[in-house]
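Just below is one structure, and these are the notes that go with it.
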Amino acid sequence: MTLSSAMATPAALSSGEPNAAGRSRTRPHVMFVPSAGMGHLLPFFRFIGALSSHDVDISIVTVLPTVSAAEAEHFDGLFKDFPTIRRIDFHLLPLDASAFPGADLFLLRWEALRRSVHLLGPLIAGINPRVTTVVTDVTMVSHVNPIAKEMDIQCYVLFVSCATMMSLLVYFPMYLDKKEAQADIGDVDIPGVRRIARTSLPQPLLDLNKLFTKQFIENGREIVKADGILINTFDALEPVALAALRDGTVVPELLPVFAVGPLSSLAREMKAEAEDTAMAWLQQQPAHSVVYVAFGNRNAVSHEQIREIAKGLEASGCRFLWVLKTTVVDRDDVAGVRDVLGDGFLERVHGRGRVTKAWVNQEEVLKHPAVGLFLSHSGWNSVTEAAAAGLPLLAWPRGGDHRVSATVVVSSGLGVWMEPWSWDGEDWLVSGEEIGEIVKEMMADAAVRERATKVGEEATNALAVGGTSHKSMLDFVAKLNTI
């Protein structure tokens, strides 16, 4: 993977506007520095949309080329919806991918960003109006925060996972400092939050030589020096973790934490080719009768396991809408649905099941009254979208931070986590029979639905005027105006 090193210079714009007294005032100018992967980009786009209603200038660094087609389409949609947001194209320095055997394209992109991010200093310095605040993705905070401090501008981190995962990030370097040098990574007991079992840690953290792990440790040490952390969560969803982060229980530093979630999709986030037909089909289904199945945009499930899921959905007798994914990067996904699912499956479930490989508006699907259960990898965007919809979630973590997120699914009452079910790198299949039984059981459980409905009400209250997330957003905007 070799990329050019050229950088585009943004156009100069007015640096201020008159206030009520006729004097010139300088609006805050916030530059967003996202990374790669839709799981990271969507929270940035959604937070930018929310912030755009406040009196601030906004720029966003756009790294080219994007890794996936979905990223490119979402960037295009963002700038169409918000034409006043400055697009600052950023081309990376060359990176020799052969130096990182086995690393996926998204991890390589994060590393290329980290190695090129020193170029941001001159870029920021040349922008008019002056940048007053940088909001960076956590994957780059170890490099971006020092640059911001040197330039005397604020630096915040938009953390795209849960507050529980945030507590693991900031505590993990301390855990390593305390453990014996030769000791293996074991359970991590985060002060004031919870014990994260070794088997629930993101798998790369078990090997300190992994690229992801080195990035994780560096970012964990640096993030506590940032001016604050924005998290796509809300107080009622993670009260224990948020309190422990804010009061110095997790780490001695008092971390300004702004819980601003659940972040909502933009007005026109992306019109997928399957969206109209999927929504039209949902309109014809009875209330709470459909199982929505999706494992995120970066999680490829093996063909063998996909066929067991198919058997389970068929055996459950439930209606279902299944967004099927077989590769990590969407541009590589060329397998046909029938090739993956096997002969006869689509015919046998005709009328009560739909399978698509195209993007759908997941947030809209989850809020549809026909949907009664979400079978998910428990990626954090999916968890917060289910919480906002008040929809029960059956968590089947696939990798990364998913098992940490699943602990929140359980503790909040949003749903159920099948802890024995396998995830990436584990060599056994969960049988279709077991999947079908659990799906059928959850669809019939009124208590599960009632608990999830309560979480949805708490999410609505958090975002309402005077709610905890609404106040957090106003507090953050107030911080922007202190420059």
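Residue numbers (the numbering used here): -8 to 474.
From the three backbone atoms N, C-alpha and C, an ideal C-beta is built for every residue, glycine too.
If you draw a straight line from the alpha carbon of residue i to that of residue j, how long is it in whole angstroms?
i	j	result
P113	D180	42 Å
L4	T17	Legend: pLDDT at L4 = 35, less than 50; position of this residue unreliable, value from coordinates given subsequently. Going from the Cα of L4 to the Cα of T17 covers about 12 Å.
V399	R186	13 Å
S89	L99	10 Å
R189	L197	8 Å
N200	Q206	10 Å
V351	A437	27 Å
E209	D238	23 Å
N119	I214	27 Å
L332	V356	23 Å
E428	P411	15 Å
G117	V184	43 Å
V292	A397	18 Å
L312	T204	36 Å
L(-6)	P25	Because the pLDDT of L(-6) is 31, which lies under 50, any placement of that residue in the model is unreliable, and the number read from its coordinates should be weighed accordingly. Roughly 18 Å separates the two Cα atoms.
S191	R389	11 Å
V282	Q145	44 Å
K140	V401	39 Å
E229	D178	21 Å
L366	A285	7 Å
V47	F467	12 Å
G211	N136	12 Å
M434	S152	27 Å
F91	A103	11 Å
I176	R345	43 Å
A301	D330	13 Å
W414	G93	18 Å
H20	E305	53 Å
L69	E171	48 Å
H31	A174	33 Å
I222	K358	22 Å
R322	L96	Note that R322 scores a pLDDT of 41, beneath 50, so its modelled location is shaky; the value from the coordinates is reported in the next line. When rounded, the distance between both Cα atoms is 12 Å.
Check this for me: beta carbons of residue i and residue j, under 8 Å apart or not?
i	j	result
V126	L149	yes
P164	V241	no
L33	N472	no
V446	T155	no
G381	P193	no
E449	A250	no
P195	G219	no
A278	A361	yes
S280	G342	no
H65	F38	no
G404	A386	no
R383	A453	The displayed chain sequence assigns Pro, not Arg, to residue 383. It is not a contact, given that the beta carbons lie outside the stated cut-off.
T375	T268	no
M22	V132	no
A41	M409	no
V430	G303	yes
On the CB-based measure, 16 or more other CB atoms within 10 Å of its CB, does residue i come out buried or exposed?
i	result
H134	buried
R440	buried
E354	buried
P85	exposed
G28	buried
P243	exposed
K169	exposed
K71	exposed
S6	With a pLDDT of 34 at S6, under the threshold of 50, the modelled position of this residue cannot be trusted; read the value that follows with caution. So S6 counts as exposed.
D128	buried
A455	exposed
K316	buried
G308	exposed
Q276	buried
A469	exposed
L245	exposed
P56	exposed
A349	exposed
Taking contact to mean at least 3 C-beta pairs separated by less than 8 Å, is the stretch 414 to 424 in contact with the stretch 295 to 302? Output reads yes: the stretch 295 to 302 touches the stretch 414 to 424.
If you scan the stretch 244 to 315 from start to end, which runs of the beta strand (DSSP E) of 3 or more residues do you find wholly inside it? 248 to 250, 281 to 285 and 310 to 314
Three or more beta-carbon pairs under 8 Å between the stretch 55 to 64 and the stretch 103 to 113, yes or no? No contact exists between the stretch 55 to 64 and the stretch 103 to 113.
Could you tell me which uninterrupted beta strand (DSSP E) segments, each at least 3 residues in length, are contained entirely in the stretch 131 to 196, listed from first to last along the chain? You should have 145 to 150, 179 to 181 and 185 to 187.
Check whether the stretch 72 to 81 and the stretch 40 to 55 are in contact - that is, three or more C-beta pairs closer than 8 Å. yes
Check whether the stretch 330 to 344 touches the stretch 450 to 466, counting contact only when three or more Cβ pairs, one atom from each stretch, lie closer than 8 Å. no
Taking three-plus beta-carbon pairs below 8 Å as touching, is the stretch 226 to 238 in contact with the stretch 266 to 276? Touching, no.
For a minimum of 3 consecutive residues, which ranges assigned as the beta strand (DSSP E) are wholly contained in the stretch 68 to 113? 77 to 82
Which ranges does the alpha helix (DSSP H) cover as unbroken runs of at least 4 residues, wholly within the stretch 372 to 414, from first to last along the chain? 393 to 403
Write down every uninterrupted run of the beta strand (DSSP E) in the stretch 324 to 354 whose length is 3 residues or greater and which is fully enclosed by it, in chain order. 344 to 347
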